[in-house]
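Novice:
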Amino acid sequence: MYYYNINGAALVSLTALEGLGPEVEPANSWRLFAAVPGDPVLGRGSFKVNHPGQLLAGHGLETLDATRLPCFDGGPASARLSDGTVVPLELDENVRRAIEDGRLTAVNISRPGWEETLRWSPKAGKKRVNILAIGDVGSTLLTGLKLLGGDVISSIGICDLSDQITARWEFEMGQVNLPWQYDIFPEVEVVSPENLFDCDMFVFVASKGIPPVGSQVKDVRMYQFENNAKIVAHYARMARAKGFQGMWCAVSDPVDPLAKTAYLESNKDENGSWDGRGLRPEQVQGFGLGVMNARAAYFAKRDARLASFLTEGRSFGPHGTGLFIANSIENYDEALSQELTQLTVTANLKMREIGFKPYVAPALSSGALSLLLTLRGEWHCGSVFLDGVYMGVKNRYTPAGVETELLPHIPDELFGHIREAAEHLKTVL
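Take 857 as the starting number for the sequence shown in the working numbering and just add one per residue.
Written out as structure tokens, the structure is:
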């Protein structure tokens, strides 16, 4: 193992690195960074390491399954260097302890400005949340954050094209209080577009328009993509100009491609060329899987054949086409999983058949509840950057970075569906 001191931060590498100064003794600091290779655009920026194999294969879908990651046990692993040389690799006890303690952060040293990651640390205390667009989804999400977020949210800013709408919701939310405990809920205030990124969490709920109930549009989410992507690009460039260091949260449909749009567009210069000086991929997350997971639970509660999902199941993939629901990880059943997936994917159409737009459950399960779990550092369903797309998985934010759930083994058939979901997202963007 090779250790370096980068402006006071301890960096370790499996292979010798040039241009980082002399090697130093292993660091005993709480946080340790590990240099990992990766694509500068489509590779992850940084992440919490919860398996040694992620030091060699931490950017792809393999990072979700311990059996698909390289193994250092039973003999050293190896790596092929840029000149073709194959070198043996072996972890020292210092790195193994850092992984076990949850304090090893992998950093993609191929990304421009990767050194800045070594200086970044999560802000302590309650967070400021700003919401863009207070329509049906935004107002429902806002209500959830107001009522449930007092432990982690200091205040909530709201912004909309209509001053009348923001005036209404500031007035309404200001009158939501418990008697004699008037400071228990976060205050809501109107913010201008210029101040949208003066916050710790930016929530994008804007949308060009949703097809009316009764329309013949089959895939409502992709119908929205072209127009919503233009809006996202505008605010992504604003985040870049502000040097925004908080979280960018995509809630509008289609969630996962819009999250990637925000990441890519923020990293382009004035000529449209990539320079990597915008949002880091781990700053962006898509919030659409929460409601799909909740819809699967709804159906599982009402059919004993599907009940295994409630204790053993998982949801993977995007908010829409490509989503896959596993009835169980331990006792995977392809037929039951396909049935539960179909019920989940078409649940929004069922609501439209009843005669209503399906926005309440998404605004709460994917929006308010998932955002609060994120702020609390708890496990939730959301789309993080994996395999060059924003993939919906179980994840959480930790002091060592974003952590994706590491399952002991994902059945081959299920892993194939996860791979198909990623490939579908690549065809979109």
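Here a beta-carbon is modelled for each residue, glycine too, at the ideal position from N, C-alpha and C.
1. Leaving out five residues before and five after ILE965 in sequence, what residues of the same chain have Cβ atoms less than 6 Å from its Cβ?
2. So the beta strand (DSSP E) HIS1280 belongs to, where does it begin and stop?
3. Which residues in the same chain have their Cβ closer than 6 Å to the Cβ of HIS1265, if we skip the five residues on either side of it in sequence?
4. Pull the bridge partners of VAL1044 from the DSSP assignment, please.
5. Exposed or buried, what is ASN1083 when buried is set at 16 or more other beta-carbons lying within 10 Å of its beta-carbon?
6. Quick check on DSSP: helix, strand or coil for SER1288?
7. For ASP1268, count neighbouring Cβ atoms within 10 angstroms of its own Cβ and tell me buried if that reaches 16, exposed if not.
8. How is VAL1031 classed by DSSP in three states: helix, strand or coil?
9. For GLY994, which residues in the same chain have their Cβ closer than 7 Å to its Cβ, ignoring the five residues on either side in sequence?
10. What residue range does the alpha helix (DSSP H) around MET1103 cover?
11. So, for ALA950: in the same chain, excluding its five sequence neighbours on each side, which residues have a beta-carbon less than 6 Å away from its beta-carbon?
12. In the structure shown, what three-state DSSP assignment does MET1057 receive?
13. For ASN1051, does the three-state DSSP call read helix, strand or coil?
14. If I follow the unbroken alpha helix (DSSP H) through GLN1198, where does it start and stop?
15. Taking only runs that begin and end inside the stretch 1129-1163, name each unbroken alpha helix (DSSP H) of 4 or more residues, in chain order.
16. Rounded to a whole number of angstroms, what is the C-alpha to C-alpha distance between HIS1146 and SER1129?
17. Distance, Cα to Cα, ASN1033 vs VAL1216?
18. What is the residue span of the alpha helix (DSSP H) that ARG952 lies within?
19. Within this structure, are the beta carbons of SER1063 and ARG1096 separated by less than 8 Å?
20. VAL963 and ILE1014 - do their beta-carbons sit closer together than 8 Å?
21. Does ASN964 come out as helix, strand or coil in the three-state DSSP assignment?
22. Between LEU1225 and PRO1218, what straight-line distance do the alpha-carbon atoms span, to the nearest angstrom?
23. Among all the DSSP beta bridges, which residues are the ones paired with ASN861?
24. Between LEU1114 and the rest of its own chain, which residues show a CB-CB distance below 8 Å, the 5 nearest in sequence each way excluded?
25. Since I believe PHE1180 is in contact with GLY1173 (beta carbons under 8 Å), could you give me their beta-carbon distance rounded to a whole number of angstroms?
26. Distance, Cα to Cα, ASN1251 vs THR999?
27. Which of the three DSSP states is assigned to THR871 in this structure?
28. Could you check if LEU1017 is buried or exposed, using at least 16 other CB atoms within 10 Å of its CB as the buried criterion?
29. Assign GLU874 to one of two classes, buried (16 or more other C-beta atoms within 10 Å of its C-beta) or exposed (fewer than that).
30. Measure the alpha-carbon distance for ARG887 versus GLY877 and round it to whole angstroms.
31. The alpha helix (DSSP H) that contains LEU888, what's its start and end?
32. Whole angstroms is fine: what's the gap from ALA1182's alpha carbon to TYR1038's?
33. Can you give me the C-alpha to C-alpha distance between SER1011 and LYS983, rounded to a whole angstrom?
34. Between which two residues does the beta strand (DSSP E) harbouring LEU997 extend?
35. My guess is that PRO968 and PRO896 are in contact by the Cβ rule of under 8 Å, so how many angstroms apart are they, rounded?
36. Are the CB atoms of ALA1153 and LEU1166 nearer to each other than 8 Å?
Specialist: In this structure, then:
1. Translated into the one-based positions of the sequence shown, residue 965 becomes position 109. Correct list, in chain order: ALA891.
2. If you number the sequence shown from 1, residue 1280 lands on position 424. It is not in any beta strand (DSSP E) - HIS1280 instead sits in the alpha helix (DSSP H) that spans 1268-1284.
3. Locating residue 1265 in the sequence shown gives position 409, where the first residue counts as 1. Closer than 6 Å at the Cβ level, and outside the excluded window around HIS1265, lie THR923.
4. Within the sequence shown, residue 1044 is the residue found at index 188, counting from 1. BP columns for VAL1044 point to ILE1012.
5. Locating residue 1083 in the sequence shown gives position 227, where the first residue counts as 1. ASN1083 should be labelled exposed.
6. No answer is possible for residue 1288: it lies beyond the span of the chain, which begins at 857 and ends at 1285.
7. What you label residue 1268 is simply residue 412 of the sequence shown in a count that begins at 1. ASP1268 should be labelled exposed.
8. Counted from its first residue, the sequence shown places residue 1031 at position 175. The sequence given here places Gln at residue 1031; Val does not occur at that position. Correct three-state label for GLN1031: coil.
9. Residue 994 sits at position 138 when you count from the first residue of the sequence shown. Here the set comprises ILE987 and VAL1061.
10. Position 247 of the sequence shown, counting from 1, holds the residue named residue 1103. Segment 1103-1106 is the beta strand (DSSP E) holding MET1103; no alpha helix (DSSP H) there.
11. Taking the sequence shown and counting its residues from 1, one reaches residue 950 at position 94. According to the sequence provided, residue 950 is Asn. The question's Ala does not apply to it. Excluding residues within five positions, the ones whose Cβ falls inside 6 Å are PRO882.
12. For the purposes of this step, residue 1057 is identified with residue 201 of the sequence shown, where counting begins at 1. Strand, per DSSP.
13. Counting from one through the sequence shown, the residue named residue 1051 turns up at place 195. Helix, per DSSP.
14. For the purposes of this step, residue 1198 is taken as residue 342 along the sequence shown, with counting starting at 1. Residue range 1190-1201 is occupied by the alpha helix (DSSP H) that includes GLN1198.
15. 1145-1157
16. Translated into positions along the sequence shown, residue 1146 becomes position 290. Translated into positions along the sequence shown, residue 1129 becomes position 273. The question names His, but residue 1146 is Gly in the sequence shown. C-alpha separation (whole angstroms): 34 Å.
17. Along the sequence shown, read from residue 1 onward, the residue named residue 1033 stands at position 177. Along the sequence shown, read from residue 1 onward, the residue named residue 1216 stands at position 360. Straight-line Cα distance between these residues: approximately 22 Å.
18. Looking up residue 952 in the sequence shown gives position 96. ARG952 -> alpha helix (DSSP H) spans 949-957.
19. In the sequence shown, counting from the first residue as 1, residue 1063 sits at position 207. In the sequence shown, counting from the first residue as 1, residue 1096 sits at position 240. Contact flag unset, no.
20. Here residue 1014 is taken as the residue at index 158 of the sequence shown, counted from 1. Here residue 963 is taken as the residue at index 107 of the sequence shown, counted from 1. No; because the gap between Cβ atoms is not below 8 Å, this pair is not in contact.
21. In the sequence shown, the residue the question calls residue 964 occupies position 108. For ASN964, the three-state secondary structure derived from DSSP is strand.
22. Within the sequence shown, residue 1225 is the residue found at index 369, counting from 1. Within the sequence shown, residue 1218 is the residue found at index 362, counting from 1. The alpha-carbon atoms of LEU1225 and PRO1218 are separated by roughly 10 Å.
23. The residue you call residue 861 lines up with position 5 of the sequence shown. Partner(s): ALA866.
24. Start at 1 with the first residue of the sequence shown, and residue 1114 comes out as number 258. Only PHE1060, PHE1081, ASN1084, ALA1085, VAL1088, ALA1106, SER1108 and GLY1142 meet the Cβ criterion.
25. In the sequence shown, residue 1173 corresponds to position 317, counting from 1. In the sequence shown, residue 1180 corresponds to position 324, counting from 1. GLY1173 to PHE1180, Cβ: 5 Å. Contact.
26. If you number the sequence shown from 1, residue 1251 lands on position 395. If you number the sequence shown from 1, residue 999 lands on position 143. Taking the straight line from one Cα to the other gives about 24 Å.
27. Stepping through the sequence shown from its first residue, residue 871 is reached at position 15. Of the three classes helix, strand and coil, the one that applies to THR871 here is coil, per DSSP.
28. Position 161 of the sequence shown, counted from the start, is the residue given in the question as residue 1017. When all chains shown are included, LEU1017 counts as exposed.
29. Locating residue 874 in the sequence shown gives position 18, where the first residue counts as 1. Classification for GLU874: exposed.
30. By one-based count along the sequence shown, residue 887 stands at place 31. By one-based count along the sequence shown, residue 877 stands at place 21. In a straight line, the C-alpha of ARG887 is about 20 Å away from that of GLY877.
31. The count along the sequence shown starts at 1 and reaches residue 888 at position 32. No alpha helix (DSSP H) holds LEU888; the beta strand (DSSP E) holding it covers 888-892.
32. Position 326 of the sequence shown, counted from the start, is the residue given in the question as residue 1182. Position 182 of the sequence shown, counted from the start, is the residue given in the question as residue 1038. Their Cα atoms are separated by approximately 44 Å.
33. If you number the sequence shown from 1, residue 1011 lands on position 155. If you number the sequence shown from 1, residue 983 lands on position 127. Rounded to whole angstroms, SER1011 to LYS983 spans 7 Å at the Cα level.
34. Mapped onto the sequence shown, residue 997 falls at position 141. Going by DSSP, LEU997 is part of no beta strand (DSSP E) but of the alpha helix (DSSP H) stretching over 992-1004.
35. Here residue 968 is taken as the residue at index 112 of the sequence shown, counted from 1. Here residue 896 is taken as the residue at index 40 of the sequence shown, counted from 1. Confirmed, Cβ separation roughly 7 Å.
36. In the sequence shown, the residue the question calls residue 1153 occupies position 297. In the sequence shown, the residue the question calls residue 1166 occupies position 310. Result yes, Cβ atoms of ALA1153 and LEU1166 sit closer than 8 Å.
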